[in-house]
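Chains as they are written, first to last, in my numbering: chain A, 1 to 334; chain B, 335 to 668; chain C, 669 to 1002; chain D, 1003 to 1336.
Glycine included, every Cβ here is placed at the ideal spot set by N, Cα and C.
As the structure is a prediction and not an experimental result, all values here were calculated from the model.
Structure, as structure tokens:
4 protein chains.
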Amino acid sequence: MRFFSDNAAPAHPKVLEAIAAANRIDTAYDGDEWSQRLDGAFSDLFGTEVRAFWVTTGTAANCLALAALCPPYRAILCHKDSHIEVDEAGAPGFFTAGAKLILLDGEGAKITPKTVAQACDLIRNDVHQVQPAAISITNATEYGLIYRAAELAALGERAKQRGLAFHLDGARIANALAGSGENLGDLTWRAGVDAMSFGFVKNGGLNAECLVLFKTELADEIAVRRKRAGHLLSKGRYLAAQILAMLEDDLWLDNARAANAAAQKVASAAPNRLVYPVEANEIFLRVSNEEAERLRGQGLDFYEWGPGQIRFVTSWDAQSEALDRLASALAALE
Amino acid sequence: MRFFSDNAAPAHPKVLEAIAAANRIDTAYDGDEWSQRLDGAFSDLFGTEVRAFWVTTGTAANCLALAALCPPYRAILCHKDSHIEVDEAGAPGFFTAGAKLILLDGEGAKITPKTVAQACDLIRNDVHQVQPAAISITNATEYGLIYRAAELAALGERAKQRGLAFHLDGARIANALAGSGENLGDLTWRAGVDAMSFGFVKNGGLNAECLVLFKTELADEIAVRRKRAGHLLSKGRYLAAQILAMLEDDLWLDNARAANAAAQKVASAAPNRLVYPVEANEIFLRVSNEEAERLRGQGLDFYEWGPGQIRFVTSWDAQSEALDRLASALAALE
Amino acid sequence: MRFFSDNAAPAHPKVLEAIAAANRIDTAYDGDEWSQRLDGAFSDLFGTEVRAFWVTTGTAANCLALAALCPPYRAILCHKDSHIEVDEAGAPGFFTAGAKLILLDGEGAKITPKTVAQACDLIRNDVHQVQPAAISITNATEYGLIYRAAELAALGERAKQRGLAFHLDGARIANALAGSGENLGDLTWRAGVDAMSFGFVKNGGLNAECLVLFKTELADEIAVRRKRAGHLLSKGRYLAAQILAMLEDDLWLDNARAANAAAQKVASAAPNRLVYPVEANEIFLRVSNEEAERLRGQGLDFYEWGPGQIRFVTSWDAQSEALDRLASALAALE
Amino acid sequence: MRFFSDNAAPAHPKVLEAIAAANRIDTAYDGDEWSQRLDGAFSDLFGTEVRAFWVTTGTAANCLALAALCPPYRAILCHKDSHIEVDEAGAPGFFTAGAKLILLDGEGAKITPKTVAQACDLIRNDVHQVQPAAISITNATEYGLIYRAAELAALGERAKQRGLAFHLDGARIANALAGSGENLGDLTWRAGVDAMSFGFVKNGGLNAECLVLFKTELADEIAVRRKRAGHLLSKGRYLAAQILAMLEDDLWLDNARAANAAAQKVASAAPNRLVYPVEANEIFLRVSNEEAERLRGQGLDFYEWGPGQIRFVTSWDAQSEALDRLASALAALE
């Protein structure tokens, strides 16, 4: 039973159906009818005018946005454990042509107005030091925590005060929304977010992610950068159709709720071992090496996450039986 | 009836079936069983050991390869009408971090040992001028012509003599193979090709292309560059499965043969108007503006290609009826 | 006797004196008193407010400016024989992070409103083709011709009409001004030039060039880019002092006049062999191989410039005797 | 009295003399006789074959070297307070096209075999994380400490073991050599250093620094990269002549000894306030804000270096009188 990551789960059947339904000739690139509906669909979803671009990876969505928000000679403030720093092979440096990531500490991979201010205050305002241009956060975070609306509003305020753009890695924005009960606008544009990656692949998609611009005047530049990075697929309709299927009848939210509920089930089996409160669909547990081996011996797969910690990720298709076995195995460790 | 491009055609049903069949949990990225079979499948196909990487666009396949073959401070020799120059939004400059394209003339978008030598001879061997590092060709060319094995061998020889790497844009390699009756090895590695994009999307694929390395020692670098460019999809199995389905029972060749045959049918309806001999699946015709309008008035869609010329591209799913109508319309122009 | 290039000539004695006079402790980088006077000195010279940055090469001055005028994903229109294309080792690609040079034809290395328009009109306005962002010219040109005020005004008008920034490579702006009798403002900002390199090294300087911004709002970005490219010297006063010495009492113009006069002397010795009219300080002559050898045999050094052509460049320190010998040798060829 | 930095000091008279002596026509760029002597002069100095390239800044020397030692998609391990991280405006990211700096802790800006190993061990060996390619150290360090031969040998050994190239920022290598009594070879190539910047400007030079390659096979690439970055001055002889003057009769070492001796004098005036032992020419002192103001009130200039610390830097031309006044002022604080 694999609990490595939600990015290994299968695609939801409705996503496959949507792909099949799009299997006819249409205009290439993003001129097809599905792609043309994206801006409207996301504008409706967010309750404000946005521009939406399909891409195939979160890395592309994040880094195209960062390249438009930060010139090559400036820096992006982010958490030291953020995905863009740790797991994207230096893609921000590639897409921005050399901009720097300035790494902030913070519990649970969260940054705060205070850590942002501290980092900025350490930078002399001269040409010798790289000046910050943007902040980037991940919600839900890399440790499964959720930034609440109030936290985001304060971060957005701080960014504005310091003249920084605001980027959101929303690989698990669905889990954050489902887990927090917040309003989607409050988690994004009302807090001042300029651009975000909107994750679908970890949430039942096949290979379509979305880059959403609240700062819509960046759209022309993003369109060119997407092409230039080899991310303008010629049959884009198969991506757009996936995304539209996910949005229809809130499938994306249902999937996230299922994943989150599965995580709660796992967490409740080992409440004393939790490294972080489980707010979305990731569970970090303290176990000994011997315990980790015992779990593996029962056919459970997961990542080690530093010494003495392991990570489970639940996904939209979590099977009751597998969850029961995992919960039993964890409970038996006590 | 759309004859804009083969990249607008639907995906072949077997490709969709393969995607559906891959719809279960597996290792993320390229650790899944389908992705793991690619190296072997392409090595068998080529009759030599290769390394194969799925990506989602020809631009990505081409430019990742070029970045590995040409350092930022050198140049790639290519035809002035090549796709990498004309239709990739400057992607070679992005992926290589600033390498230069040196543009060669040549009938039908072909370069020759002679034009390569002439271009090289114009470059002073000093630090002031950008020194060439590679040649890049497209087969079938942007005008639907096919480089034959002997031409390629001569080009490869010239590249070797001048110390240049050899890149092949194989967006329509299937049409070139089908249209020439050559041997696949002769069109590629036996001629000295180091790396190529192997096109599937224009040939019935959905969104999977392949980057094939004959210079296998570049594989580690390419793997990193692919990730860094946001082209390592987390559910790679849906790409690998498409490609394997295309290779199975030579579906890729059957599709190309169908597209080429359709092109012959169109060409034979207007033999006196052909700008180039029709060797693959593209037809360039001389028409007046008035004639072009007349064709459009009959519901035919195509691109203008410079003054007085129009381009039709046929695809694997060419419908007899549509072809008949197109042929009749062209014949009626005479 | 060396007539390879004006960039091999010695520095003017006043330049050395100025360096010696600046040899005391002062604020590092560009905080010293000499550097602080540059903006004012050039604003006075041009009769409009400018920002001036010392650098040590024309390549740096040109390419820092281009990087501020053209984003990585767009293009610069320039002549195919321009220095930035031919003699800067791909520096524009490096500084801009991959922007493209689009090469225009034109007699004597000049571009015109017409060739600019033609080049633009060939570019489809879509994301697949690289869109132009700027034009770049050299005055005096690489063939020693001078753009007149009226030509520049027309080019500036065309640039504006097409939404293009306007860059001037002024490696020999002094020779252009001296040779044309035009007004400096007419050759630059009144024609719409946004940024220029102002050459001193070819004109009697030691190792200081100047980047002049008429679009002063780019100053902060240029300051950072200069540092980031390793071009912010810690003892900048030795550069600023050179430049101020050149400006004092119009030394720069006197030097250029001397070089131009020397060129006229050479030209008048072989009027029937001139490839181009001699307007500044470069002379291109038609000679046979045998004649070229004969000249070399007399101890004259020069560059071959394509088949059957040779180039002489005169400089500020042209010695009467050397010029006489050159003139005699050329006259003797007739 | 300015003690901001040794990079603000005047140039040594012999350096000016050398510039004046080079003031005649010669081959442009680095074809002149002075430039041609550099390889030999540095090979003699180091007792091994090296290639030497003049440039005008330490940033250029460091970052050209780093670009040749680290591909765009890998990382350089360096101290978090290193000049390349803190004071070069992101130049490493620019020159390498996006490589990453991985920041190590360590007392006095030193890294050790242990911290290198720890950093490497935190990096998963996969395509998602940026793999290290090089280490970079500064000697003397940014806090005026000196890596001894044994420390360097151990670092070099560790680099080799981990497959990392070894870069040395030698902005104050002269002070390190003078202050340690070590052998120059032991501080550089015998320890495995591949490339270094050899500082002259902080040590009495005017505007010439040197990039020295022990890994001589990188020379061709460095030559091209230097040109491409706008760092190939056309009158290079004025740089080469400065460097040769500095090497003659060990002027560079005499200058460093004078600066170091001055630092000892300052240090001995406030032994209880030293943040670090004074080994080269930098003195870091603990002072209260009130004390700092008092010093400033006496006409002493220096940098604050974090809360409660100030930095003095002495230079080759330290005047006895100024030093006496500084020493007295410091002693009076006690």
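| query | result |
| --- | --- |
| Short Cβ contact (8 Å threshold) for residue 709 (chain C) with residue 844 (chain C) | no |
| Nearest-angstrom Cα separation, counted from residue 156 (chain A) out to residue 166 (chain A) | 7 Å |
| Interface residues of the stretch 847-879 of chain C facing chain D [CB-CB below 8 Å] | 869, 870, 874 and 875 |
| Residue 807 (chain C) to residue 498 (chain B) span [Cα, whole Å] | 36 Å |
| C-beta atoms of residue 1071 (chain D) and residue 1087 (chain D) nearer than 8 Å | no |
| Close Cβ partners of residue 487 (chain B) (< 6 Å) along its chain, the five nearest in sequence each way excluded | 525 |
| Closer than 8 Å to chain C by CB, residue 223 (chain A) | yes |
| Unbroken stretches of the alpha helix (DSSP H), 4 residues or longer, contained in the stretch 640-664 of chain B | none |
| Cα-Cα separation, residue 331 (chain A) to residue 197 (chain A) | 36 Å |
| CB contact flag (residue 127 (chain A), residue 900 (chain C), <8 Å) | yes |
| Exposure of residue 1116 (chain D), with buried meaning 16 or more beta-carbon neighbours within 10 Å | exposed |
| Which of helix, strand or coil DSSP assigns to residue 806 (chain C) | strand |
| Beta carbon of residue 170 (chain A) nearer than 8 Å to that of residue 391 (chain B) | no |
| Residue interval of the beta strand (DSSP E) (run including residue 1102 (chain D)) | 1102-1106 |
| Residues of the stretch 81-94 of chain A with Cβ closer than 7 Å to any Cβ of chain F, in chain order | The chain labelled as chain F is not found among the protein chains of the depicted structure, namely A, B, C and D. |
| Extent of the continuous alpha helix (DSSP H) to which residue 754 (chain C) belongs | 751-754 |
| Helix, strand or coil at residue 478 (chain B) [DSSP, three-state] | coil |
| Within-8 Å CB hit, residue 228 (chain A) to chain C | yes |
| Under 8 Å from the C-beta of residue 63 (chain A): neighbouring residues of chain B | 564 |
| Best match in C:993, C:847 and C:955 for proximity to residue 929 (chain C) [C-alpha to C-alpha] | C:847 |
| Chain-ordered residues of the stretch 1115-1129 of chain D with a beta carbon less than 8 Å from chain B | 1129 |
| Beta-bridge partners of residue 833 (chain C), as assigned by DSSP | C:802 |
| Opposing strand residues paired with residue 54 (chain A) [DSSP bridges] | A:210 |
| Test: residue 944 (chain C) CB closer than 8 Å to a CB of chain A | no |
| Own chain residues within Cβ distance below 7 Å of residue 1320 (chain D), not counting five before or after | 1260, 1261 and 1264 |
| Where residue 1080 (chain D) falls: helix, strand or coil (DSSP) | strand |
| Chain-ordered chain A contacts of residue 765 (chain C) [CB-CB under 8 Å] | 72, 97 and 98 |
| 8 Å Cβ shell around residue 582 (chain B) - same chain, five flanking residues per side excluded | 348 |
| DSSP bridge partner residues for residue 196 (chain A) (one or two, in chain order) | A:168 and A:212 |
| The alpha helix (DSSP H) enclosing residue 618 (chain B), as first and last residue numbers | Per DSSP, residue 618 (chain B) belongs to no alpha helix (DSSP H); it is in the beta strand (DSSP E), 616-620. |
| Meets three-Cβ-pair contact criterion under 8 Å: the stretch 1030-1045 of chain D and the stretch 1062-1070 of chain D | no |
| Which residues DSSP lists as bridging residue 1252 (chain D), in chain order | DSSP lists no partner for residue 1252 (chain D). |
| Delimiting residues of the alpha helix (DSSP H) encompassing residue 606 (chain B) | Per DSSP, residue 606 (chain B) belongs to no alpha helix (DSSP H) and is neither H nor E. |
| Residue 26 (chain A) beta carbon less than 8 Å from that of residue 237 (chain A) | yes |
| Proximity to residue 1094 (chain D) [Cα-Cα], best of D:1012, D:1229, D:1248 and D:1136 | D:1136 |
| The stretch 1011-1026 of chain D in contact with the stretch 960-969 of chain C per 3-pair CB rule at 8 Å | no |
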